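With the numbering used here, the residue at position 16 of the sequence shown is 16, and numbering never jumps. We treat Cβ as the ideally placed atom computed from N, Cα and C, and that holds for glycine. These numbers come from a predicted model, not from an experiment. Single-structure report; data block below.
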Amino acid sequence: MLGDFYLWIKALHIMAVISWMAGLFYLPRLFVYHVERAEGAQMHDVFMTMEHKLLRVIMNPAMIVAWGTGLLMVAIPGVVTWAAIWPWTKFAGLIGMTWFHIWCARRRRIFAEGDNTLTGRDYRMMNEVPTVMMVLIVLSVIVKF
Numbered sequence: 001m002l003g004d005f006y007l008w009i010k011a012l013h014i015m016a017v018i019s020w021m022a023g024l025f026y027l028p029r030l031f032v033y034h035v036e037r038a039e040g041a042q043m044h045d046v047f048m049t050m051e052h053k054l055l056r057v058i059m060n061p062a063m064i065v066a067w068g069t070g071l072l073m074v075a076i077p078g079v080v081t082w083a084a085i086w087p088w089t090k091f092a093g094l095i096g097m098t099w100f101h102i103w104c105a106r107r108r109r110i111f112a113e114g115d116n117t118l119t120g121r122d123y124r125m126m127n128e129v130p131t132v133m134m135v136l137i138v139l140s141v142i143v144k145f
């Protein structure tokens, strides 16, 4: 029965991944601005609100939908050939993206507690992690190496 809805599931999966990736790219950038430009308590509160809403309203639901629809597609016979390498490299990239999501959530919590020790440069460097994961995932799925 899932096979009848494959294209709908796949479309929802792609939309969720795009939303999740947008958040993964933007939240560390907000952290950069938070560290470098939030000099007063008022700006700190503004950044905290932006970071909280991005994580809770956009990124978390998008990640859950991406994971859910991905697992639904895996459950459809013939969609994934587990003897190939690509599903495993995609899965490794997905684990990396999920780890980064969790890392961002922890960093937001650290900001909320007033204990941030990382610099804008640190966050700029970490902002490259989702790009590397995206490249690995897209190449895995499209090229199927």
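Around the beta-carbon of Glu51, 16 or more other beta-carbon atoms lie within 10 Å, marking it buried. Per the Cβ contact rule, the region 58 to 70 is not in contact with the region 120 to 135 (fewer than 3 Cβ pairs under 8 Å). Between the alpha carbons of Ile85 and Gly70 lies a gap of roughly 17 Å. Ala105 has its alpha-carbon roughly 17 Å from the corresponding atom of Glu128.
Leu139 sits in a helix when the DSSP states are folded into three classes. Taken atom to atom, the span from the alpha-carbon of Ile137 to that of Gly96 is near 10 Å. Under the three-state reduction of DSSP, Thr119 is assigned to coil, being neither helix nor strand.
The Cβ atoms of Met133 and Gly93 lie closer than 8 Å to each other.
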